[in-house]
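Residue numbers (full-length UniProt numbering): 1 to 236. Just so you know, even glycine gets a beta-carbon here, dropped at the ideal spot from N, CA and C. These numbers were taken from a predicted model, which means no experiment stands behind them.
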């Protein structure tokens, strides 16, 4: 890659994302390193907050939560990296990472990954891009938390649906794991408050009644979808 392109934001975001990191780590023509494909069951704790960890994982399938002091800070999905933000050998995990579903992971030692990245002129840009993505998610989350209670719930339901759910023509379907209790933890509201507001949102047509998953009516949620799109959620 030309040296000057390393200073282009779009180039860095495209060339040093988690998908490109996986390709690099599996490329045995450049400092080959060992890896293992593992399966973990739902509720498995992959990393413990404030404890040292030896491994880094790339998610092939499944979903996990990131918590700090018992509060959910974010979620990680397919093709995202677990443990990248604490890659140094003597660095403890900042978060507890828990599998919300059965998961398939690619497992590497942190030491091997760091050595491989150091073999490349631009290797540290993968670390930079991972931190940048995490910071963008935190900023988005903070923005969505400064509105009033009802709007906060609506915005965050749509936010989670866009990032982790399935989008149909007229619906946004959240994963079954995203219960009202979990969402209440994520947005710092009581479960009772979330439950009561969701009843109102069903009456208003924002949410669909009787669905096992939380399902958003996209037509009614047009404003919230526009705000989420404006935050650049899908471009992170």
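> Do residue 85 and residue 41 have their C-beta atoms closer together than 7 Å?
Replying inline: Cβ distance not < 7 Å, so residue 85 and residue 41 don't count as in contact.
> Where residue 71 and residue 185 are concerned, what is the direct C-alpha to C-alpha distance, given to the nearest angstrom?
Replying inline: Their Cα atoms are separated by approximately 6 Å.
> Do you know offhand how far residue 126's Cα is from residue 189's?
Replying inline: Distance between residue 126 and residue 189, taken at the CA atoms: about 35 Å.
> Can you tell which of 80, 140, 93 has the C-alpha that lies nearest to the C-alpha of residue 67?
Replying inline: The option with the nearest alpha carbon to residue 67 is 93.
>> Residues in the same chain with beta-carbon distance under 6 Å from residue 228, minus the five sequence neighbours each way, listed in chain order, please.
In response: Excluding positions up to five away in sequence, the list reads 158, 159, 162.
> What is the DSSP secondary structure of residue 139, counted as helix, strand or coil?
Replying inline: Helix.
> How about residue 213 and residue 173: are their beta carbons less than 7 Å apart?
Replying inline: Here residue 213 is near residue 173, since their CB atoms are less than 7 Å apart.
>> Which complete beta strand (DSSP E) runs does the segment 135–216 hold, if anything under 3 residues is left out?
In response: Every unbroken stretch of the beta strand (DSSP E) spanning 3 or more residues and falling wholly within the segment 135–216 is given here in chain order: 171–173.
>> Using CA atoms only, rank isn't needed, just tell me which of 151, 24, 61, 183 is closest to residue 104.
In response: Its Cα nearest to that of residue 104, the residue 61 stands out among 151, 24, 61, 183.
> Which word fits residue 57, buried or exposed, when buried means at least 16 other C-beta atoms lie within 10 angstroms of its C-beta?
Replying inline: In summary, residue 57 is buried, with 16 or more beta-carbon neighbours lying within 10 Å of its beta-carbon over all protein chains present.
> Which residues bound the alpha helix (DSSP H) around residue 225?
Replying inline: Segment 222–230, the alpha helix (DSSP H) holding residue 225.
>> Quick check on this structure: which residue in 90, 53, 25 has the alpha carbon closest to the alpha carbon of residue 97?
In response: Checking every option, the nearest Cα to that of residue 97 belongs to 53.
>> Would you call the segment 24–35 in contact with the segment 74–88, where contact means no fewer than 3 C-beta pairs closer than 8 Å?
In response: The segment 24–35 and the segment 74–88 do not touch, with fewer than 3 CB-CB distances between them shorter than 8 Å.
> For residue 218, which of helix, strand or coil comes out of DSSP?
Replying inline: DSSP places residue 218 in coil when its eight states are reduced to three.
> With burial defined as no fewer than 16 other Cβ atoms inside 10 Å of the residue's Cβ, what is the status of residue 115: buried or exposed?
Replying inline: Exposed, since its Cβ has fewer than 16 Cβ neighbours within 10 Å.
> Of all the options 183, 138, 99, which has the alpha carbon lying nearest to the alpha carbon of residue 64?
Replying inline: Relative to residue 64, the option among 183, 138, 99 whose CA is nearest is 99.
> Just the Cα atoms here: how many angstroms apart are residue 139 and residue 220?
Replying inline: Rounded to the nearest whole angstrom, the C-alpha separation of residue 139 and residue 220 is 26 Å.
>> Judging by CA-CA distance, which residue of 150, 51, 164 is the nearest neighbour of residue 91?
In response: With distances taken between CA atoms, residue 91 lies nearest to 51 out of 150, 51, 164.
>> Short of 6 Å in beta carbon distance, which residues of its chain neighbour residue 3, apart from the five on each side in sequence? Order them along the chain.
In response: Below a pLDDT of 50, predicted positions are generally treated as unreliable, and residue 3, at 43, falls in that range; no measurement from the model is reported.
> residue 1 to residue 122, Cα distance in whole Å?
Replying inline: The pLDDT assigned to residue 1 is 49, lower than 50, so where the model puts this residue is not dependable; a value taken from the coordinates is nonetheless given after this. Approximately 9 Å between the Cα atoms of the pair.
> Tell me which same chain residues have a C-beta within less than 6 Å of the C-beta of residue 239, skipping the five on either side of it?
Replying inline: Given a span of 1 to 236 for the chain in the structure shown, any question on residue 239 remains unanswerable.
> Are there 16 or more other CB atoms within 10 angstroms of the CB of residue 80, so buried, or fewer, so exposed?
Replying inline: Classification of residue 80: buried, given that the 10 Å Cβ count is 16 or more.
> alpha helix (DSSP H) containing residue 111: first to last residue?
Replying inline: For residue 111, the enclosing alpha helix (DSSP H) starts and ends at 110–118.
> How long is the line joining the alpha carbons of residue 150 and residue 231, rounded to whole angstroms?
Replying inline: Near 19 Å, if we compare the C-alpha coordinates of residue 231 and residue 150.
> Measuring CA to CA, which of 124, 223, 199, 30 is closest to residue 180?
Replying inline: Shortest Cα-Cα distance from residue 180 to any of 124, 223, 199, 30 involves 199.
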